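Asker: The sequence shown begins at 1 in the UniProt record's numbering and counts up one residue at a time.
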Amino acid sequence: MPKKFIDIERSINSKNPSLLKWMPGFLLKYIKRVTHEEWMNDVLDKVDHLHGLDFGNGIIKELNIDVELVGAENIPKTGGVIIAANHPLGGADGITLMKAIGKVRPDMRFLVNDLLMALKNFDPLFIPINKHGKNSADTLAAIEEAYSGGYAVLIFPAGLVSRKDETGIRDLQWKKSFISKAKKYKKDVLPCFIGGKNSKFFYNLAYWRKRIGIKANIEMFYLADELYKQQGKKVVITVGEQLSYQSFDSSKTDAQWAEHVKDLVYELGKKNE
1 MPKKFIDIER
11 SINSKNPSLL
21 KWMPGFLLKY
31 IKRVTHEEWM
41 NDVLDKVDHL
51 HGLDFGNGII
61 KELNIDVELV
71 GAENIPKTGG
81 VIIAANHPLG
91 GADGITLMKA
101 IGKVRPDMRF
111 LVNDLLMALK
121 NFDPLFIPIN
131 KHGKNSADTL
141 AAIEEAYSGG
151 YAVLIFPAGL
161 VSRKDETGIR
171 DLQWKKSFIS
181 KAKKYKKDVL
191 PCFIGGKNSK
201 FFYNLAYWRK
211 RIGIKANIEM
221 FYLADELYKQ
231 QGKKVVITVG
241 EQLSYQSFDS
251 SKTDAQWAEH
261 VKDLVYELGK
271 KNE
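1. I'd like to know if the stretch 121-129 and the stretch 167-183 are in contact, where contact means that at least 3 CB-CB pairs between them fall below 8 Å.
2. Identify, in the order they occur along the chain, each residue of the same chain with its Cβ nearer than 6 Å to the Cβ of K183, setting aside the five sequence neighbours on each side.
3. In the stretch 113-150, which residue ranges form an unbroken alpha helix (DSSP H) of at least 4 residues, counting only runs that do not cross its ends?
4. Where do the ends of the beta strand (DSSP E) carrying E68 lie?
5. Let me confirm a value: A212 is counted as buried when at least 16 other C-beta atoms fall within 10 Å, else exposed. Which label applies?
6. Given a cut-off of 7 Å on the beta-carbon distance, is the pair I95 and G58 in contact?
7. Could you give the distance in angstroms between the alpha-carbon of S180 and the alpha-carbon of G159?
8. For F156, which residues in the same chain have their Cβ closer than 7 Å to its Cβ, ignoring the five residues on either side in sequence?
9. Return the Cβ separation of M98 and A152 in integer angstroms, given the expectation that the two are a contact with Cβ distance under 8 Å.
10. In the DSSP assignment, what are the bridge partners of P191?
11. So which of D188, L223, V81 has the shortest CA-CA distance to L116?
12. Under the assumption that L243 contacts V265 (Cβ atoms under 8 Å), give the Cβ distance between them as a whole number of angstroms.
13. Classify A137 as buried or exposed, calling it buried when 16 or more other Cβ atoms lie within 10 Å of its own Cβ.
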């Protein structure tokens, strides 16, 4: 029997045991189906012998996703740097970003949702971030170590997948932490734009979920389905010019600087349209 990398029932139980207890069996089966649990485990089983960047690249190969890197010359070959990117896809964007940046900087650390820590093959590249609670002392120490060291630190400052509004497909508000860390540890920032979009169904679900007042981020259950739909597609990743940590001065708050960098990221995207 193939190793079970993705276990939806176990994941729900670890986050909200009471929810799993009262969840009807048919609903759990539906969630397993839309998250493509069996397909995901089959893909991961095929590349289980690989580790680190090779593991991520193996997944990309299995999904037949083409990755193009624009602006490789902007990536410093050594030294600590923070790479801040938009988050348009919720799965394919993470592994394709790793593949693209890894061509120049295999010495990376990626701040990710703690649920992804189930993928042990990515050790030690992943650093878990608890999106819905407090981070442990060990996690906080690992975050500080990543930022203070000579790594290329990858981060999706929005923390959530892009949504669609009147201006188009765009990240929600970027968290300011990467600006604060850049200033604290004197690390420059590289703006990075990842091309791509999810299905109309995903954006419509997010829109109507909010319209009718449902607070739970139910569209996240469909992110694996969106990854499934990315098979055979091309993802273009554009890296902009390095931003000095010294540029993040007192003329703006850290939160305002974070939004400024986000604007620069989307300007990169417009250049490649």
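Just so it is clear, CB atoms sit at the ideal spot from N, CA and C, and this is done for glycine as well. Please read these numbers as outputs of a predicted model, since none were measured by experiment.
Answerer: Quick look at the numbers:
1. no
2. Y245, F248
3. 137-148
4. 66-70
5. Checking the sequence, you will find Ile at residue 212 rather than Ala. The residue is exposed, with fewer than 16 neighbouring Cβ atoms inside 10 Å.
6. no
7. 16 Å
8. A85, H87
9. Wrong, their Cβ atoms sit about 10 Å apart, outside the cutoff.
10. A84
11. L223
12. Wrong, their Cβ atoms sit about 11 Å apart, outside the cutoff.
13. exposed
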